[in-house]
Amino acid sequence: MEVSVTRRINYWLAEHPIVVNFRWSPTLPWGATWCFLFSSIAVYVTAAVTLHLLLRLFLRPDRRVPLGPIPAIHSLALSLISIFIFTGVIVSTAAEIRDTRWLWRRTKTASTFEWLLCFPLGTRPSGRVFFWSYIFYLSRHLHFLRTFCTILRRRKLNLFTLFNQSVLLLTSFLWLEFSQSFQVLAILLTTLSYSIIYGYRFWTAMGLPGGCFPFVLNIQVVLLVCNSVCHLGVLLLHLCKGGCNGIGAWTLNSVLNSVILLLVLKFYVKIHSRRNEGSTRHSRPSSDIKQHEKYS
């Protein structure tokens, strides 16, 4: 019985014809063109700014818009979607390695971890791994909804929020467009983190007690630091191995990741310096979490 269930899961996640025969191209029905990418970002930024301005014009500054269970449902959905994508990438990566390992000698790929960091030159955006990369890219659009929930509930719009969400959508598009190296590990780290973060947000949205420290911020710092370490690994392999695929897109990705990391670390240090000064001793858990909403 367990073997049958495992085979069925493996088939739907890694062996289904739609997954195996996937190919990234502008002819895909959703999101595969530069025009769609920039239109999505423009609509997102414009809609968020417009909503924020309309609320400031027609509602008092202290007036909040009740959303009921919508934020909790959104958090639960994103947590489950992240788990689904994480599982799909794990299963598909194992199948891809099994089927292509015999080619690694030609590309001087010595190990599985090396392949995860550095795609061989000439890698095309097709097959199992890139199917799940495409699903991850599409799921990025669902994260936009949290910005509007924050605007309605807290009457706040932070430029970092717009920048961060737009950058994450752009980088996930570049992974596909240029068959960028490192994307498998990036998706695994990101979806694992999101499954924890949005699971925690669902937990607190249901009225259950949260952590006595900025839980979401700590997870995001760990994610960004892990990404930075992996980026260093990609650079070393690119220089020593003779080249990694999509290195131009990787360079832009690295710069954007570094900018986000510096901004988040600045905020992280600010929170802990306030904690050490004792200025938030009595209201620390709630104030830290609420303050961090602008980075979500």
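If you want our numbering, it's the 1-based position in the sequence shown plus 884.
Every residue gets a Cβ at the ideal spot worked out from N, C-alpha and C, and that includes glycine.
Does the count of Cβ pairs from the region 927-935 and the region 1037-1051 closer than 8 angstroms reach three?
yes
How should Ile-893 be labelled, buried or exposed, when 16 other C-beta atoms within 10 angstroms of its C-beta is the threshold for buried?
Taking the first residue of the sequence shown as position 1, residue 893 is located at position 9. Ile-893 sits exposed, since fewer than 16 C-beta atoms from the chains shown fall within 10 Å of its C-beta.
Which same chain residues, not among the five before or five after Arg-974, have their C-beta less than 8 angstroms away from its C-beta?
The residue you call residue 974 lines up with position 90 of the sequence shown. The displayed chain sequence assigns Ile, not Arg, to residue 974. Leu-1072.
For Glu-998, which option in Leu-1054, Gly-1126, Ser-959 has the closest C-alpha, if you only look at C-alpha atoms?
The residue given as residue 998 occupies position 114 in the sequence shown. The residue with the shortest Cα to Cα distance from Glu-998 is Gly-1126.
Using 7 angstroms as the threshold, is the C-beta distance between Ser-959 and Ala-1070 below it?
Within the sequence shown, numbered from 1, the residue matching residue 959 stands at position 75. Within the sequence shown, numbered from 1, the residue matching residue 1070 stands at position 186. No.
Only counting the same chain, and skipping five residues up and downstream in sequence, which positions put a Cβ closer than 6 angstroms to that of Pro-910?
Here the question's residue 910 lines up with position 26 in the sequence shown. Ala-916, Thr-917, listed in sequence order.
Near Ile-967, which residues of its chain fall below 8 angstroms by C-beta distance, leaving aside the five closest residues on each side in sequence?
On the sequence shown, residue 967 is found 83 positions in, with the first residue counted as 1. For Ile-967, where only same-chain residues beyond five positions count, the Cβ hits under 8 angstroms are Thr-1075, Ser-1079.
So, helix, strand or coil for Ser-1010, using DSSP?
Locating residue 1010 in the sequence shown gives position 126, where the first residue counts as 1. Strand.
Tell me the rounded alpha-carbon separation between Leu-1107 and Leu-1101.
Position 223 of the sequence shown, counting from 1, holds the residue named residue 1107. Position 217 of the sequence shown, counting from 1, holds the residue named residue 1101. Rounded to the nearest angstrom, the two C-alpha atoms are 10 angstroms apart.
For Arg-907, which residues does DSSP report across the bridge?
Here residue 907 refers to the residue found at position 23 when the sequence shown is read from its first residue. Answer is Ser-1010.
Measuring only the C-alpha atoms, how far is Leu-1143 from Gln-1049?
Mapped onto the sequence shown, residue 1143 falls at position 259. Mapped onto the sequence shown, residue 1049 falls at position 165. Per the sequence shown, residue 1143 should be read as Val rather than Leu. Answer to the nearest angstrom: the Cα atoms are 13 angstroms apart.
Does the separation of the CB atoms of Gly-837 and Ser-1023 fall below 7 angstroms?
Residue 837 falls outside the range modelled here, since the chain spans only 885 to 1180, and no answer is possible.
Which runs of the beta strand (DSSP E), 3 residues or longer, sit entirely within the region 1100-1153?
none
Proximal residues to Val-903 (C-beta, below 6 angstroms), its chain only, five neighbours per side dropped
To locate residue 903, count along the sequence shown from 1; it is residue 19. Arg-1012, Phe-1015.
Length of the line joining the Cα atoms of Asn-1137 and Thr-1055:
What you label residue 1137 is simply residue 253 of the sequence shown in a count that begins at 1. What you label residue 1055 is simply residue 171 of the sequence shown in a count that begins at 1. When rounded, the distance between both Cα atoms is 6 angstroms.
Which class does Gln-1067 belong to by DSSP, given the choice of helix, strand or coil?
Position 183 of the sequence shown, counted from the start, is the residue given in the question as residue 1067. The answer is helix: DSSP assigns Gln-1067 an H, G or I state.
Grouping DSSP H, G and I as helix and E and B as strand, with all else coil, what is Cys-1002?
Start at 1 with the first residue of the sequence shown, and residue 1002 comes out as number 118. In the structure shown, Cys-1002 sits in coil (DSSP, three-state: anything other than H, G, I, E or B).
Classify Arg-1203 as buried or exposed, calling it buried when 16 or more other Cβ atoms lie within 10 Å of its own Cβ.
Because the chain in this structure spans residues 885 to 1180, residue 1203 falls outside the shown range and cannot be described.
Roughly how many whole angstroms lie between the Cα atoms of Trp-1008 and Phe-1057?
Working through the sequence shown from its first residue, we reach residue 1008 at position 124. Working through the sequence shown from its first residue, we reach residue 1057 at position 173. The sequence shown places Arg at residue 1008, rather than the Trp named in the question. Approximately 14 angstroms between the Cα atoms of the pair.
From what residue to what residue does the alpha helix (DSSP H) around Trp-918 run?
Numbered from 1 along the sequence shown, position 34 holds the residue referred to as residue 918. Where Trp-918 is concerned, the enclosing alpha helix (DSSP H) stretches over 918-942.
Which residue marks the beginning of the alpha helix (DSSP H) containing Phe-968, and which one marks its end?
As a first step, residue 968 must be located in the sequence shown, where it is residue number 84. That run of the alpha helix (DSSP H) goes 954-984.
Near Ser-995, which residues of its chain fall below 8 angstroms by C-beta distance, leaving aside the five closest residues on each side in sequence?
Walking along the sequence shown from the start, residue 995 turns up at place 111. Within the same chain, Ser-995 has no close Cβ partners at all.
For His-848, which of Tyr-1152, Val-1105, Phe-1066, Leu-1149 has the nearest alpha-carbon?
The structure shown does not extend to residue 848, since the chain spans only 885 to 1180, so no value can be given for it.
In or out: Val-1139 buried (at least 16 other Cβ within 10 Å) or exposed?
Locating residue 1139 in the sequence shown gives position 255, counting from the first residue. Result: exposed.
Status (buried if at least 16 other CB within 10 Å, exposed otherwise) for Ile-957
Here residue 957 corresponds to residue number 73 of the sequence shown, with the count starting at 1. By the neighbour-count rule (16 or more Cβ atoms within 10 Å), Ile-957 is not buried but exposed.
Within this structure, are the beta carbons of Leu-951 and Arg-1037 separated by less than 7 angstroms?
By one-based count along the sequence shown, residue 951 stands at place 67. By one-based count along the sequence shown, residue 1037 stands at place 153. Closer than 7 angstroms, so yes.
Looking at Ile-1155 and Pro-1098, is the spacing between their C-beta atoms short of 7 angstroms?
Taking the first residue of the sequence shown as 1, we reach residue 1098 at position 214. Taking the first residue of the sequence shown as 1, we reach residue 1155 at position 271. For Pro-1098 and Ile-1155, yes; Cβs fall inside 7 angstroms.
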